[in-house]
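**Q** Residues 1 to 140 in the numbering used here are what the sequence shown lists, from first letter to last.
Cβ coordinates follow ideal geometry from the N, Cα and C atoms, glycine included.
Please read these numbers as outputs of a predicted model, since none were measured by experiment.
Dumping the structure here so I can ask a few things about it.
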Amino acid sequence: MKKKTLSAGVIIARRNEIQLKYLLLRAFDYWDFPKGIVEPGESPVEAAKREVEEETTLNDLSFRWGYDYRETGPYGHGKVARYYIAETNESRVSLPVNPEIGRPEHDEYRWVSYKEALSLVAPRVRAALEWAQETIAVKP
């Protein structure tokens with residue numbers, strides 16, 4: 001049986017005056033939440049926080065819904081993505097240059113409504129987004 005590669009990320013929510021917004025990042029034609037490979041010796045939560053900061057410079061995350069998570073099914077050579085939920089008050093995001101590739105990992109970011117996020121993310125990510133929306137609605 002092939003070993004799965006675990007990727008960890010965060011579904012980041014931010015409240016504005018009108019509604020809840022989610023942070024999405026675009027790389028090429030794909031929209032997703034900040035995430036990346038869990039490094040040896042690192043917990044998935046530590047990896048998720050590190051990836052958010054590396055990819056967006058956000059570091060003021062509040063995991064007020066705890067550290068429950070949802071995982072995608074395997075995709076792309078046995079990779080599985082684990083998503084946690086966090087909230088931030090910060091709206092400003094930077095897409096810093098990744099020194100390993102010499103450019104930002106993502107081409108664009110957007111704060112979007114739940115409905116827009118559902119229409120942008122890949123089908124494999126939708127269940128995690130739906131879970132996040134339900135979790136936030138139950139414990140706003």
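Pick helix, strand or coil for T135, following the three-state DSSP scheme.
**A** On the sequence shown, position 135 is the one that residue 135 refers to. If DSSP states are grouped into helix, strand and coil, T135 belongs with the helices.
**Q** Mind checking H77: buried by the 16 CB within 10 Å criterion, or exposed?
**A** Mapped onto the sequence shown, residue 77 falls at position 77. Exposed.
**Q** Let me check understanding here. Comparing Cα to Cα, which of L20, K21 and I37 lies closest to Y200?
**A** In the structure as shown, the chain starts at 1 and stops at 140, and residue 200 therefore has no counterpart that could be examined.
**Q** Between E90 and the rest of its own chain, which residues show a CB-CB distance below 8 Å, the 5 nearest in sequence each way excluded?
**A** Residue 90 sits at position 90 when you count from the first residue of the sequence shown. Excluding positions up to five away in sequence, the list reads R14, L58 and D60.
**Q** List, from N- to C-terminal side, the beta strand (DSSP E) runs of 3 residues or more that fit wholly inside the segment 74-110.
**A** 79-87
**Q** Am I right that R124 and L24 are in contact with their C-beta atoms under 8 Å? What's the rounded C-beta distance?
**A** Along the sequence shown, read from residue 1 onward, the residue named residue 124 stands at position 124. Along the sequence shown, read from residue 1 onward, the residue named residue 24 stands at position 24. Not confirmed; about 14 Å, so no contact.
**Q** Tell me the DSSP secondary structure of T56 in three-state form.
**A** Residue mapping note: residue 56 aligns to position 56 of the sequence shown, counting from 1. T56 falls in the helix class under three-state DSSP.
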